[in-house]
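Heads up: take any position in the sequence shown, counting from 1, add 315, and you land on the UniProt record's numbering.
Structure first, then comments.
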Amino acid sequence: LGRLYGPLAGMSNVQVDVMTALVSFERVLEVLDLEPTVAERPGATDLRTAVADRGASLELDAVTFRYPGADEVSLASLESVAALRADPTEDTLRDVSFTVPAGAMVALVGPSGAGKTTVSQLVSRMYDPTSGAVRLAGQDLRDVTAASLRATVGVVSQEAHLFHDTVAANLRFVRPEASDADLERVLRQARIWDLVARLPEGLETVVGDRGYRLSGGERQRLAIARLLLRAPDVVVLDEATAHLDSESEAAVQAALDEALAGRTSVVIAHRLSTVRAADSIVVLEAGRVVERGTHPELLARGGLYAELYRTQFADPQ
Ligand code: ATP
316 LGRLYGPLAG
326 MSNVQVDVMT
336 ALVSFERVLE
346 VLDLEPTVAE
356 RPGATDLRTA
366 VADRGASLEL
376 DAVTFRYPGA
386 DEVSLASLES
396 VAALRADPTE
406 DTLRDVSFTV
416 PAGAMVALVG
426 PSGAGKTTVS
436 QLVSRMYDPT
446 SGAVRLAGQD
456 LRDVTAASLR
466 ATVGVVSQEA
476 HLFHDTVAAN
486 LRFVRPEASD
496 ADLERVLRQA
506 RIWDLVARLP
516 EGLETVVGDR
526 GYRLSGGERQ
536 RLAIARLLLR
546 APDVVVLDEA
556 TAHLDSESEA
566 AVQAALDEAL
576 AGRTSVVIAH
586 RLSTVRAADS
596 IVVLEAGRVV
606 ERGTHPELLA
616 RGGLYAELYR
626 TQFADPQ
């Protein structure tokens with residue numbers, strides 16, 4: 316949407332109210348990290364009931380997925396130039412199955428283009444599988460309400476999106492009734508409270524490009540605080556590859572540990588510490604699951620994971 320908004324912003328005769336509407340829409344999409352590419356079906360049920368009864372287990376069952384072709388490109392997928400280039404006859408995922416028990420962490424690894432981000436997009440239901448199913452607490456995501464899915468699944472992407480507003484507003488966006496004490500609690504958990512407390516106007520300090528400029532690591536921690544305020548049962552995390560200094564890195568890691576503790580999680584892993592901590596590692600190659608197991612098991616196999624370990628994860632940490 317940013318790409319659509321950019322050119323529009325350059326047009327001098329655009330009505331102010333249209334622009335305001337666009338900006339609000341953009342904020343909603345950014346903050347919730349969900350895009351309206353799929354519709355809610357009539358009679359959809361509340362996922363939270365199933366999660367309360369059965370726990371937030373996640374299952375991908377024989378998922379095959381092909382991105383929509385250029386003739387059926389939706390508004391959201393227009394964001395990706397790849398959507399217009401991709402060969403619509405190719406499956407991006409083929410027969411992918413794995414389960415994540417409630418409270419467990421699965422790390423997704425694989426070469427670039429293997430389909431890791433695509434799996435995370437299906438888990439947050441930005442798209443539906445072409446065949447097969449994604450189930451949470453035993454419920455097919457196609458059968459649950461969008462609001463209950465949004466409350467259950469939280470996404471942390473590499474780029475932490477903040478809007479030009481106060482720290483408090485950036486957080487309360489996901490939970491308007493949160494008290495200042497609630498905000499302080501999640502900011503402490505996300506290892507960013509000390510900084511916020513030192514800002515000229517504390518929680519009321521405006522952040523963003525035209526306000527107080529936070530570093531990459533600080534933005535990530537604020538995004539993690541927002542996730543903690545939402546308290547979703549399932550977290551989908553794309554671990555940042557961007558280089559952070561080691562102090563920032565350690566603070567972000569501590570914040571993430573807090574965010575993942577006790578939650579069902581799917582992490583696109585880039586760090587050795589993450590793959591080691593994962594209950595299970597799923598190795599994708601060209602859209603298929605080629606290996607699955609724990610770090611020591613997969614190293615002992617001497618297959619693709621062992622190779623990735625040598626090339627991507629071998630940094631001492
Ligand atoms: P990386 O590690 O480089 O981020 P990845 O494993 O996350 O890669 P994906 O981003 O899931 O891989 O991409 C898998 C394949 O799907 C790639 O061939 C990619 O070009 C294609 N693809 C990704 N997004 C879209 C889209 N919106 N439309 C069409 N094809 C896409």
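By construction, the Cβ of each residue, glycine as well, lies at the ideal position given by its N, Cα and C atoms.
- For V521, the closest C-alpha among the options T481, G532, V511 is that of T481.
- In this structure, the straight-line span from the alpha carbon of P416 to that of Y620 is close to 22 Å.
- Selection E606, Q473, L464 evaluated against Q535 yields Q473 as nearest (Cα-Cα).
- Per DSSP, V489 has no beta bridge partner at all.
- Of the candidates D572, L518, D368, the residue whose Cα lies closest to the Cα of A484 is L518.
- Proximity of the beta carbon of T626 to the ligand ATP is not indicated: no heavy atom of the ligand is located closer than 7 Å.
- Rounded to whole angstroms, the Cβ separation of A422 and A593 is 4 Å, and the two are in contact under 8 Å.
- Between P426 and F380, the CB-CB gap reaches or exceeds 8 Å.
- A Cβ-Cβ distance of about 13 Å is found for the pair L373 and V459, leaving them out of contact under the 8 Å criterion.
- A straight-line Cα-Cα distance of about 20 Å links L502 and V551.
- Remark: the C-beta of Y527 is outside contact range of the ligand ATP, defined as less than 7 Å to any heavy atom.
- Measuring C-alpha to C-alpha distances from P547 to each of A570, A365, R578 identifies R578 as the nearest.
- Per DSSP, I539 is one residue of the alpha helix (DSSP H) stretching across 531 to 545.
- Counting along the chain, L614 sits inside the alpha helix (DSSP H) bounded by residues 610 to 616.
- For A592, the enclosing alpha helix (DSSP H) begins and ends at 587 to 592.
- 8 Å or more divides the Cβ of R603 from the Cβ of D376.
- Within its own chain, the residues whose Cβ lies closer than 8 Å to the Cβ of L614, once the five positions on either side in sequence are excluded, are Y620, A621, Y624, listed in chain order.
- Nearest Cα to S439 within the set F413, A466, Q568: A466.
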